[in-house]
Every structure is written in C-alpha cells, then in structure tokens.
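The structure appears right after this line, and notes come after that.
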DNA sequence: GGTCATGATTGTAT
DNA sequence: ATACAATCATGACC
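Numbering (full-length UniProt numbering), first residue to last: 1 to 411.
What follows is the structure in structure tokens.
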C-alpha cells in the first residue's frame, strides 16, 4: 500500500469510504475522481479533525468510558496493535484511550500517592539537602547596608539619621551651607529610596504572579502525573531563589548609588572651604604664642574648635599643616609671626593687669608640657621679634622637641 | 588659565 | 595614637 492510500485509509471512516473501498486502490481512485464537492468534504473533515481536542476525539471514539476498558486490556481489539487506529491528531487511539482510562481509574489517587511518596523519599530528599542553604551573606551585607543608609527600613528616622551622620562626617562648618547640603543629600537619598522601593515592589509582584502561575500549572498537572505538595513547595523555593538573585542585583546597584552619593557629599576635599578670618586668627594666635611648643592638648584643641566653629580634627589638621609649612619656610612666615607676637603681647599686657592668665587661650595646654621643664608661659613677644634670622633654623629644629621652650627662652 | 594658598588625605615612622 | 611629609583637590587671586 502506498503512502497516499494509507493516509486515506486512516481517514476512511470520515470521508465516506468503506473499509472495503480503502482496501481497493482502484476504488479510492474512483472516489478521488468524483466531483470536486466530495474532495472538498474530505478536506473539511480533515480540518475539523486537526481542530478537535484530544478529549473530544476520545469521547467520539470511546463514548462509554469505564474503568473496565483500562482493565480489559486482554481484548485483542483494544491493545493488540498500536497502530490499530489513528485519530486526526496523529496519536494512536489506543494510547489516548489508555491514558484517559488511567486518569479516570478509581485506583489512580492511591497510585499517585504511592508514587509521590517514592518520589519524596528518593529524588526530592536527595535534592532537598543541597537546597536548604543558609541565607546568602552577600544579601545580608547589602540588606544591612541599605538599612544603615536609610534606604530600606522605616521611612523617616533612618534616612534623616543617615543623612545627619553623613553631614556630620563631612566635618564642614555648621553654617547655612551645611544645611543646604544636608537637605540636598536627603532629597537625593529619598529619590534613591523611592526608586528602590518601587522596583522592589515590581519584583515582588512579578515573583508572586509567577509563583501563582507555576503553582496552578503544577496543580493542574498533578491530575495527570504524581506531583506531591512538597514538590510544589520546592518549585516555589526555586522561583523565589531566582527572583532573589534579581533582587540582589537591585540591592547592589542601589548600594552603589548610595555610595556614589555619599562620596560626593562626604569627599571633604571637594567641599574644601577656607576657614573664616576669625577662625584663622584664633588658630594663628595660638600657634605663634606657643611657637616653642605648638602642640595643643586635646582640651586646647576642643576649645579652639569651639571658638572657630570647626571640628577638633580640623584643628589637628590645621596645626599639622601649619607646623610643617612653618618649618619648611620660616622666612615666609616671619612677618606673620611678628604680627601675632605683637598682638599676643598687647593682649597679654591688657589682660595680665587684672586677670589671671590661667583662663587665657594661650595657656590651655599647660598640662602637656614635658615634665623636664617649667610650665609653659605665654611666649614673650620679644622672642619672635628680637631673634636674629639664623635662629629661625634653630627654632625649626626646636619644633621637633618638646623641651624647646626653656632653651628658646635662653636663646 | 596659571599660580599660590590652604584644608584634607594618605603613607610612614615613632 | 600621634606627628610628619608628601600629595591631592579646591579656592582665591591675578
């Protein structure tokens, strides 16, 4: 039998050809040779079959389903030959019937439950061990950071607290400028926060939608194959893991954005402002009046910081810079030194007449002087003025020793 | 735009 | 931990 004949034989019952006709090629040719209308009928029926669903085909071929069909496989007409009959969809009718019969079999639930049990005890339990991994430390780090920066967590407190901390860490003078920067930082952080939350919400929504979809599919499938609830749980966990890896990317990029924002606001070098005139004056006054030992104590630094409206570390920086720059080029600073020496002398003269020098800004570091020398008194202005030029070198050397005051006085 | 001044940072030594 | 020295980055001035 050639292919064309075999195909037509499969369609025999639909095209009006009797089994006998199909067996006779001449008869088929005779039928095909009939008017166009008959061919059109056959084509229409073929189309109808491709549109037909499996269940419909089954219902048509096996109108009276019963468990007995499945059980009665000893019937040679049913199970004897796989290609005994073909539906339009191409699946052997026998196979479809067996499948459907199996699905409707009264023992199916019991069978599935046993199969599920076996699955859980073998495949699922083995996989389950490696699936139960601890929370990702990377995610935990990102979460902590976002919380600390005020991006995640409570809306108001965290964000402003972090912003305040950032502003404080910037160490800028607490002027109006700092206020503007603070609010600017807060606004940008809020923007990042908003984007983060809206993206997070999107991800969560997509995750739950997808999870529901998969769960429905699995439930649907559990009617035709054994799927245990544990298996569904596992699938959900897998989905959540996949989505959490996407979330991690979001968190990572948010952290990066916050870091960039922070560095932009906290990079003091970018925000360097010269101290105001009064602050510089106070610092210089202290420096030149303690030229023999220009190392303010912690208390002195605090007091200077207060007076100048700057931070203690800024005072330290200033003295560090001043010492090194003075030492490097004493000649350049000579004029300045003389100026402040005179100023200090005038101040001291006016104050000493009525008040103790203990409270003057020139004395707060008396506690830090070396035990090998008498307590440091304000350097007499005459020292700076009357010293001959070569003593600058000496003074420079003396800057390296804490026992310089006494020696300098002698010089 | 070039130059200098100056506050801050970094690496090293003590 | 602190100081020093070198360096960076920015502001101010010309």
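Yeah, the Cβ is synthetic: ideal placement off N, Cα and C, and Gly gets one too. No experiment lies behind these values; they were computed from the predicted model shown.
Backbone secondary structure at residue i - three-state DSSP
i: residue 223; result: coil
i: residue 186; result: helix
i: residue 107; result: coil
i: residue 137; result: helix
i: residue 272; result: coil
i: residue 40; result: helix
i: residue 154; result: coil
i: residue 177; result: Unreliable placement is indicated for residue 177, whose pLDDT of 44 sits below 50; the coordinate value is still reported in the next sentence. Correct three-state label for residue 177: helix.
i: residue 245; result: helix
i: residue 309; result: coil
i: residue 113; result: helix
i: residue 350; result: helix
i: residue 228; result: coil
i: residue 70; result: Only weak support is given to the placement of residue 70: the predicted model assigns it a pLDDT of 39, under 50, and the question is left unresolved by the model.
i: residue 79; result: Unreliable positioning characterises residue 79 in this predicted model, as indicated by a pLDDT of 39, which lies under 50. The coordinate reading is nonetheless provided below. Note: residue 79 maps to helix in three-state DSSP.
i: residue 371; result: Confidence in residue 371 is poor, its pLDDT being 32 and thus under 50, which makes the residue's placement too unreliable to answer from.
i: residue 145; result: helix
i: residue 167; result: In this prediction, residue 167 scores a pLDDT of 47, lower than 50, which makes its location untrustworthy; no coordinate-derived value is stated.
i: residue 379; result: A caution first: residue 379 carries a pLDDT of 36, below 50, which makes its placement in the model too unreliable to give a value.
i: residue 202; result: helix
Whole-angstrom C-beta distance between residue j and residue i, which should lie under 8 Å
i: residue 221; j: residue 142; result: Going by Cβ atoms, the distance from residue 221 to residue 142 rounds to 36 Å, so no, they are not a contact pair.
i: residue 192; j: residue 151; result: 6 Å
i: residue 346; j: residue 308; result: No, residue 346 and residue 308 are not in contact; Cβ-Cβ is about 21 Å, not under 8 Å.
i: residue 301; j: residue 316; result: 6 Å
i: residue 226; j: residue 116; result: 5 Å
i: residue 310; j: residue 287; result: Rounded, the Cβ-Cβ distance is 15 Å, inconsistent with contact.
i: residue 232; j: residue 248; result: Their Cβ separation, rounded to whole angstroms, is 25 Å, which puts residue 232 and residue 248 out of contact at 8 Å.
i: residue 423; j: residue 304; result: Any answer about residue 423 is impossible in this case: the structure gives the chain only from 1 up to 411.
i: residue 203; j: residue 239; result: That belief does not hold up - the Cβ atoms of residue 203 and residue 239 are roughly 12 Å apart, past 8 Å.
i: residue 299; j: residue 344; result: Not confirmed; about 20 Å, so no contact.
i: residue 119; j: residue 244; result: That belief does not hold up - the Cβ atoms of residue 119 and residue 244 are roughly 26 Å apart, past 8 Å.
i: residue 417; j: residue 199; result: There is no way to answer for residue 417, as the model of the chain reaches only from 1 to 411.
i: residue 196; j: residue 254; result: 5 Å
i: residue 336; j: residue 258; result: Between residue 258 and residue 336 the Cβ distance is about 44 Å, and since that is not below 8 Å, they are no contact.
i: residue 326; j: residue 333; result: 5 Å
Segment limits, alpha helix (DSSP H) that includes residue i
i: residue 319; result: 312-328
i: residue 293; result: Where residue 293 is concerned, there is no enclosing alpha helix (DSSP H), given that its DSSP letter is neither H nor E.
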